[in-house]
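Throughout the sequence shown, residue numbering follows numbering that gives the first Met the number 0, covering 0 to 120 in sequence. Following: one structure in structure tokens, then a few remarks.
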Amino acid sequence: MRKSKSMAVGFLLGTLVCGGALGFSLDRVLTRPACDANTDRQAVRAFMASKLQLSPLQRAQVDSLLDIRHREISRIVAPVRPQLDSVREATRAQIKRLLDAGQQQRFQAWVDESKKEDAKQ
Numbered sequence: 000m001r002k003s004k005s006m007a008v009g010f011l012l013g014t015l016v017c018g019g020a021l022g023f024s025l026d027r028v029l030t031r032p033a034c035d036a037n038t039d040r041q042a043v044r045a046f047m048a049s050k051l052q053l054s055p056l057q058r059a060q061v062d063s064l065l066d067i068r069h070r071e072i073s074r075i076v077a078p079v080r081p082q083l084d085s086v087r088e089a090t091r092a093q094i095k096r097l098l099d100a101g102q103q104q105r106f107q108a109w110v111d112e113s114k115k116e117d118a119k120q
């Protein structure tokens, strides 16, 4: 009796964790902005410059600092990129198994668009 209760609790916890991970992943895939990363960066920089009322010299200096930050983050993430990509692909495969044929086609279109955006970075 005790063993089956432990198994049931373990199963429920596993289901909760998997469901949470799947929901988070699906949210990331479905709500990803349609514009490319460079446009996003430029929009954020323009917004910041406007909000802070930066002078042209200040804006150039802030842009330089943000470029350095982007390069540093890219350098730090590079060694684990294959692992991140592996997790992403495994999650996409799990999501596809949940979808019907029409949903799979739409999902694949989103995935393809996401890959194009990633290639631009």
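Beta carbons: idealized from backbone N, C-alpha and C, even for Gly. All values derive from a computational prediction rather than experimental measurement.
Please return the same chain residues whose Cβ sits closer than 8 Å to the Cβ of Asp62, not counting the five positions on each side in sequence. Arg44.
Under the assumption that Ala48 contacts Arg40 (Cβ atoms under 8 Å), give the Cβ distance between them as a whole number of angstroms. Their Cβ separation, rounded to whole angstroms, is 12 Å, which puts Ala48 and Arg40 out of contact at 8 Å.
Below 8 Å on the Cβ atoms is my guess for Lys95 versus Gln104; work out the distance and round it to an integer in Å. Not a contact, Cβ separation roughly 10 Å.
Quick check: the Cα distance between Thr90 and Gly18, rounded to an integer number of angstroms? Distance from the CA of Thr90 to the CA of Gly18, rounded to the nearest whole angstrom, comes to 11 Å.
4-residue-minimum alpha helix (DSSP H) runs that sit fully inside the region 54-119, ordered along the chain: Secondary structure remark: continuous alpha helix (DSSP H) runs of at least 4 residues inside the region 54-119, in chain order: 55-76, 80-97, 100-119.
Gln41, DSSP secondary structure in three states: Helix.
Just to confirm, are Phe106 and Leu97 a CB contact at a threshold of 7 Å? No. Outside cutoff.
Specify the secondary structure class of Ser3 as computed by DSSP and reduced to three states. Looking at Ser3 - three-state DSSP - the assignment turns out to be helix.
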